[in-house]
C-alpha cells in the first residue's frame with residue numbers, strides 16, 4: 103500500500119482510543135478519533151476514512167445508529183465498518199451484521215486480532 107489507510111476509531115473510552123490509535127499508528131495507519139456518535143459522523147464526512155472502528159454504546163448517537171447512517175449513505179456505504187463493543191448478545195451481533203457491519207469484535211479484545219481484521223478488510227477493498 104503506497105498511501106497509508108486512514109482509520110476512524112469511534113469510542114467514548116479514552117484509554118481504548120489511545121490504545122487502538124497507538125497500535126494502528128505503529129502499523130503505519132493514519133488515525134482519526136471520535137468520542138461520540140455525532141462526532142463520528144462529522145469526522146467521517148470531513149476525513150473520508152478507509153475503514154471505521156465503531157463502538158456500539160456511545161453518547162449522543164449510538165454506534166448502531168451511526169452504522170445505519172453510514173450504510174444508507176451512498177458516499178460512505180462501501181467503507182468497511184468493524185464493530186468493537188462490549189455488547190455480546192446474539193441479537194446485537196446479528197443486528198450489526200444485518201445493518202451492514204463487516205466485522206464484529208467483542209471487548210475485551212486482543213489488539214493484534216483487531217489489526218488482523220482491519221488488514222484483511224482493507225486488502226479485500228483494494
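Residue numbers (the working numbering): 103 to 228.
C-beta atoms are modelled at their ideal positions from N, C-alpha and C, and glycine is treated no differently.
Apart from the five residues on each side of it in sequence, which residues of its chain come closer than 7 Å, Cβ to Cβ, to residue i?
i	result
residue 217	125, 129
residue 127	133
Here's the rule: buried if 16 or more other CB atoms are within 10 angstroms of the residue's CB, otherwise exposed. What is residue i?
i	result
residue 227	exposed
residue 212	exposed
residue 138	buried
residue 214	exposed
residue 151	buried
residue 103	Caution is warranted here: a pLDDT of 42 is assigned to residue 103, below 50, making its placement in the model unreliable, and no coordinate value can be reported.
Going by alpha carbons, who is nearest to residue i out of the options?
i	options	result
residue 225	207, 202, 190, 182	182
residue 180	213, 156, 106, 202	202
residue 210	108, 122, 109	122
residue 172	162, 193, 140, 131	140
residue 165	116, 152, 149, 142	142
residue 132	146, 106, 192, 177	106
residue 175	120, 223, 127, 147	147
residue 163	144, 192, 193	144
So, residue i versus residue j, is the Cβ gap smaller than 8 Å?
i	j	result
residue 188	residue 159	yes
residue 154	residue 118	no
residue 149	residue 108	yes
residue 206	residue 195	yes
residue 161	residue 113	no
Between residue i and residue j, how many whole angstroms is the CB-CB distance? I'm expecting something under 8 Å.
i	j	result
residue 156	residue 184	7 Å
Here's a check: name, in chain order, each residue in its chain whose Cβ is nearer than 8 Å to the Cβ of residue i, leaving out the five neighbours to either side.
i	result
residue 169	156, 183, 185, 198, 201, 202, 203
residue 190	208
residue 116	137
residue 223	153, 182, 184, 204, 205
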